[in-house]
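Below is one structure, written out as structure tokens; comments come after it.
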Amino acid sequence: MLFHAQPFDPVAFEIGGFPVQWYGILIVLGAAIGYVIAAREAKKHGYPDDLFADLLIWAVPIGIISARLYYVIFQFDYYAQNPAQIIAIWEGGLAVHGGLIGAVITGVVFAKKRGYSFWKLADIAAPSIILAQAIGRWGNFMNQEAYGGEVSRSFLENLMLPDWIIDQMFIEGAYHHPTFLYESIWNVLGFALLIFFLRRMNLRRGNIFLTYVIWYSFGRFFIEGMRTDSLMIGGFLQTAQIISVVLVIGAIILMIYHRKKGIIETRYWDKDEKLMKKNRNKKKKK
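Letter by letter, the sequence shown follows residues 1103 to 1388 in this note's numbering.
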């Protein structure tokens, strides 16, 4: 009989008897790194230093709540019987699509109240969002969730994976596809693409964010098809695949619509009217 290493403890440490999960740590780490990148990019374009900090204060908690609500809705039978588990987000169960819905709504309201272009803020945030997702997927690794169908150990070894990943993929008596890793790698590649667009290409506003939607959703569709723990509709349709198709089609239609109707002719590097007004007021005071 082969020896299999014990899985990693999902609890990183305890504070006053309260367990701090790796899942939460990695989500916070992803958000923090994403914030630093977004704040630096925003500063290059003349935005206030605290703009994305103010946005993050609202977007992160609302995103987490909406991600959890989305997950609970599609697992309602279980949570109706176990209502106390609804708040147990440290055990996993945050749906990315739900989080995005909440974060986008927050961003729209925030941009409108502050008088900035939502599309430009979304373009700046897009690389940070997908990088945060790449980091957050490792929380699924620590919880031994978001994995695919059964495979052999030799299959995983042929992927040139280290033993500590292979051993963690030994779940309920069998090895499984590390779909969390596939998605994390796909997201890192997406980050590289989006940060290149952000820094080197003067696209129409909104196109970087919409490219993020297409890139993430395209990869998620295929990776989701490999998973065995997906949220389902009707017991046979994978929710994330349906949403991914809708998002890809919707983003492409929106790009075409913006171009044909001339709704967003402003380019990414063009300044916001509010910023231009601020600069004019500064000059007058001088």
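By construction, the Cβ of each residue, glycine as well, lies at the ideal position given by its N, Cα and C atoms.
Legend entry - Pick from 1328, 1322, 1311 that is closest to residue 1354, judged by C-alpha positions: Per the C-alpha coordinates, the member of 1328, 1322, 1311 positioned closest to residue 1354 is 1311.
Legend entry - Rounded C-alpha distance that separates residue 1266 from residue 1286: Going by the C-alpha atoms only, they are around 17 Å apart.
Inset, instruction - Pull up the distance between the alpha-carbon of residue 1219 and that of residue 1212, whole angstroms please. - result: Going from the Cα of residue 1219 to the Cα of residue 1212 covers about 10 Å.
Legend entry - Whole-angstrom distance between residue 1167 and residue 1258, CA atom to CA atom: Answer to the nearest angstrom: the Cα atoms are 35 Å apart.
Inset, instruction - Round the Cβ separation of residue 1245 and residue 1194 to the nearest angstrom and send it over; I've been treating them as touching at under 8 Å. - result: 5 Å between Cβ atoms; contact.
Inset, instruction - Using three-state DSSP, classify residue 1234 as helix, strand or coil. - result: Helix.
Inset, instruction - Look at residue 1232 and residue 1289 and say whether their C-beta atoms are less than 7 Å apart. - result: For residue 1232 and residue 1289, yes; Cβs fall inside 7 Å.
Inset, instruction - Quick one: measure Cβ to Cβ for residue 1329 and residue 1250, integer angstroms, because I've assumed they're closer than 8 Å. - result: With 8 Å as the limit, residue 1329 and residue 1250 qualify as a contact, their Cβ atoms being about 5 Å apart.
Inset, instruction - Give, in chain order, every unbroken run of the beta strand (DSSP E) that is at least 3 residues long and sits entirely within the segment 1269-1336. - result: Runs found: 1276-1278.
Legend entry - For residue 1250, the three-state DSSP class (helix, strand or coil): In this structure, residue 1250 counts as strand in the three-state DSSP scheme.
Inset, instruction - Evaluate the contact criterion for the segment 1226-1240 versus the segment 1133-1145: three or more CB pairs, one atom per stretch, below 8 Å. - result: By the Cβ rule, the segment 1226-1240 counts as touching the segment 1133-1145, because three or more pairs are nearer than 8 Å.
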